[in-house]
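Numbering (the numbering used here), first residue to last: 3 to 196.
Glycine included, every Cβ here is placed at the ideal spot set by N, Cα and C.
Notes for the one structure printed next.
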Amino acid sequence: MGGSRQRRRGDTRQRIQDVAIELFAEQGYEKTSLREIAERLDVTKAALYYHFKTKEDILISLFEDMTRPMDELIEWGKGQPHSLDTKQELLRRYSQALNDATPVFRFMQENQATVRELSIGESFKHRMVKMLDIIREPAAPLTDQVRCVSALFTMHAGMFALKDIEGDPEDKRQAVLEVAIELVTRAHSGPHES
């Protein structure tokens with residue numbers, strides 16, 4: 003019975019997060035109140051408070067849930083050989099993590115001032131630097147280091163730039179991933195002749 007109660011609590015927490023990110027996207031973070039979140043969920047504010055005291059708590063929980071796979075990916079990458087296969091696999095796994103957390107990444111992109119204000123942005127930037135350290139060679143020519151930075155930003159930008167373009171979401175994700183892998187592969191190959 004305790005497991006069932008815990009599952010229901012977890013489901014409620016997830017429902018609160020889902021509704022909150024939906025309202026944040028519709029109205030903006032600043033214009034969304036806990037009362038509106040509770041009304042959309044059809045629960046009392048007290049029930050909402052049981053899980054989250056503030057909407058900032060909800061946002062931070064969303065960010066923590068989103069970054070957990072990133073942290074696991076960084077730890078995995080740090081334990082692997084600094085090879086092209088590792089770099090390509092890191093990008094594949096990161097592509098899937100981005101896909102799984104699309105609403106939160108979209109929120110972060112569209113609400114950068116709020117993200118900075120809550121220091122979520124700084125934490126995310128720190129993670130991006132760690133991922134970059136895995137896919138780039140520190141002694142590589144500057145153009146190859148730019149390719150590695152561009153590979154990560156291509157994955158982020160592609161997620162937003164392609165959202166309004168006709169096509170299957172998985173095809174778009176694969177196209178973005180292919181370009182990111184090409185950039186890292188070229189950077190890993192070393193100096194190129196013009």
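Mapping DSSP to helix, strand and coil, what is Asp13? In this structure, Asp13 counts as helix in the three-state DSSP scheme.
Expressed to the nearest angstrom, what Euclidean distance is found between the alpha-carbon atoms of Ser191 and Leu179? Taking the straight line joining both Cα atoms gives about 18 Å.
Beta carbon of Leu43, beta carbon of Leu120: below 8 Å? no
Return the CA-CA distance between Ala158 and Leu100, expressed in angstroms with no decimal places. Position check: residue 158 holds His in this sequence, whereas Ala was assumed. Roughly 8 Å separates the two Cα atoms.
Who are the near neighbours of Met110 in its chain, counting only those whose CB is closer than 6 Å to its CB and skipping five residues on each side? Val117
Going by C-alpha distance, which of Arg149, Pro143 and Ala153 is nearest Leu93? Ala153
How far does the alpha helix (DSSP H) with Glu58 in it reach, from first residue to last? Lys57 to Lys80
Compare the C-alpha of Ala202 against each of Gly160, Lys47, Leu134 and Gln147 and name the closest. Here the chain has residues from 3 to 196 only, and residue 202 is not among them.
Is it right to say Phe26 is buried, meaning 16 or more other beta carbons lie within 10 angstroms of its own, or is it exposed? buried
For the putative contact between Ile18 and Ile39, defined by C-beta atoms under 8 Å, what is the C-beta separation to the nearest angstrom? 7 Å
Excluding sequence positions up to five away, which residues of its chain have a Cβ less than 6 Å from the Cβ of Lys174? Counting only Cβ-Cβ distances below 6 Å, and skipping sequence neighbours, we find Leu164.
Enumerate in chain order the residues of its own chain whose CB-to-CB distance from Arg7 is below 6 Å, with the five nearest sequence positions on each side excluded. Its pLDDT being 40, under 50, Arg7 is placed unreliably in this model, and the value from its coordinates should be taken loosely. If you ignore the 5 residues before and after Arg7, its C-beta comes within less than 6 Å of no other C-beta in its own chain.
Let's see if you can read the secondary structure: which residues bound the alpha helix (DSSP H) around Arg42? Leu36 to Leu43
Within 10 angstroms of its Cβ, does Gly160 collect 16 or more other Cβ (buried), or is it exposed? buried
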